[in-house]
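Heads up: the structure comes next, in structure tokens.
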Amino acid sequence: MSEARDLTAADICTLAARHGLALEPGTVRFNEAGLDYRVAFASAPDGGDWVLRIPRRADVAAGQEREQAILDFVRPRLPAAVPEWKIQSSDLIAYPLLPGSPGLTVDRDNQPEWHFDPSDPTYLHSLAGLIASLHGMDAAAAAAAGIPAETPDGVRRHWSKVLEQVRAEFRIAPELLAGWEQWLADDRLWPQRTVLTHGELYPAHLLLDDAKRIVSVLDWTTAKVSDPALEFMYVHLISPGSLDDVVRWYQDATGLTEPHLAERCTALIAAGPLNYALFALASGEPAHRETASAQLLPS
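For the sequence shown, full-length UniProt numbering begins at 1 and goes up steadily by one.
Here you go:
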């Protein structure tokens, strides 16, 4: 499957109709931000609003069963709405529009557009509660439901394998390689427990109400039982001065602490080029591989 870049509103309506969903062509609008899915929004003749996700590549469609298992597991347990797929096929996922508005979108020039203040205390308190809810779910039950699961030692082994895979395919700047090898060797920077994580809890995947509380959570493709620090990483990246408040509220809700959390978040952020390189390899797209190469060997 080649990347779905040239679909029109009429194409979307035809695709949906093949799956029994009638849409109004004049209501179709696109969101091109996703690397894995092209997203469209449209209204049905009865006034219902829909989200349509069109896989950009065949490898994306292959992961749908896993994502469905994740959604089925978290839906009755999470204090926020998640997608409920009504259409699932290799060329289309469709579900009714969820409540709330995204905190972050991108404009036509692929530049970020913020729709709220990410240091808003109401939002941060809501985020802390969401993370606490996720981390409080039974990790063994999640694994039994088909959600990928790592042990604490397995998290480090995973990143070690990622580094080796990327090294085999790309040139890596010596200073980056040394930093990642030091990370892998530092026992302080690895989890003592693993929990159910979303993996990308940042405002593009979070829908907010007018009070800036999180009411819906999107894009569960990266969810797995893994390092708790993953859920705090984007707070540390976007609003580092807010991390202490989120951690304090999280601790109030769970009674749990995460040692060296800020350092662990910094290390995970620094590993971003490795994740992008994996994506580039999976996509098979030369443009993504070129971008990954530039990140791994900056000029």
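No residue lacks a Cβ here, since even glycine has one placed at the ideal position from N, Cα and C.
Computed from a predicted structure; not experimentally measured.
Coil, strand or helix - valine 162 by DSSP: Indexing the sequence shown from 1 puts residue 162 at position 162. In the three-state reduction of the DSSP assignment, valine 162 falls in the helix class, which pools H, G and I.
Spatial distance of glycine 179 from leucine 237 (CA atoms): Residue numbering aside, residue 179 sits at position 179 when the sequence shown is read from its first letter. Residue numbering aside, residue 237 sits at position 237 when the sequence shown is read from its first letter. Roughly 18 Å between the two C-alpha positions.
Hey, arginine 66 and glycine 146: beta-carbon distance below 9 Å or not? Translated into positions along the sequence shown, residue 66 becomes position 66. Translated into positions along the sequence shown, residue 146 becomes position 146. Yes.
Which of helix, strand or coil DSSP assigns to alanine 4: Within the sequence shown, residue 4 is the residue found at index 4, counting from 1. In this prediction, alanine 4 has a pLDDT of 46, which is less than 50 and means its spatial position is unreliable; nothing more can be read from the coordinates.
At the level of alpha carbons, what is the spacing between alanine 271 and valine 215? Along the sequence shown, one-based indexing puts residue 271 at 271. Along the sequence shown, one-based indexing puts residue 215 at 215. If you draw a straight line from the Cα of alanine 271 to the Cα of valine 215, it comes to about 30 Å.
So, do the segment 133 to 144 and the segment 154 to 170 have three or more beta carbon pairs nearer to each other than 8 Å? By the Cβ test, the segment 133 to 144 is not in contact with the segment 154 to 170, since fewer than three Cβ pairs between them sit closer than 8 Å.
In chain order, what residues of the same chain lie with their CB nearer than 6 Å to the CB of tryptophan 249, ignoring the 5 residues before and after it? Mapped onto the sequence shown, residue 249 falls at position 249. Around tryptophan 249: His125 and Ala128.
Distance between aspartate 219 and aspartate 210 (C-alpha atoms, nearest Å): Position 210 of the sequence shown, counting from 1, holds the residue named residue 210. Position 219 of the sequence shown, counting from 1, holds the residue named residue 219. Rounded to whole angstroms, aspartate 210 to aspartate 219 spans 21 Å at the Cα level.
Answer with buried or exposed for isoleucine 269, where buried requires no fewer than 16 other C-beta atoms within 10 angstroms of its C-beta. As a position in the sequence shown, residue 269 is number 269, starting the count at 1. Flag for isoleucine 269 reads exposed.
If I measure Cβ to Cβ from aspartate 6 and keep anything under 6 Å in the same chain, skipping five residues before and after, which residues do I get? Residue mapping note: residue 6 aligns to position 6 of the sequence shown, counting from 1. Excluding residues within five positions, none has a Cβ falling inside 6 Å.
Classification of tryptophan 50 by the beta-carbon crowding that lies within 10 angstroms, buried from 16 upward: For this step, residue 50 is matched to residue 50 along the sequence shown. That one is buried.
Measuring alpha carbon to alpha carbon, tell me which of Ala10, Ala277, Ile12 and Pro286 ends up nearest lysine 161. Residue numbering aside, residue 161 sits at position 161 when the sequence shown is read from its first letter. The candidate whose alpha carbon is nearest that of lysine 161 is Ala277.
Flag this pair as yes or no: are the beta carbons of leucine 274 and tyrosine 202 separated by less than 9 Å? Residue 274 sits at position 274 when you count from the first residue of the sequence shown. Residue 202 sits at position 202 when you count from the first residue of the sequence shown. Not a contact, by the Cβ cut-off of 9 Å.
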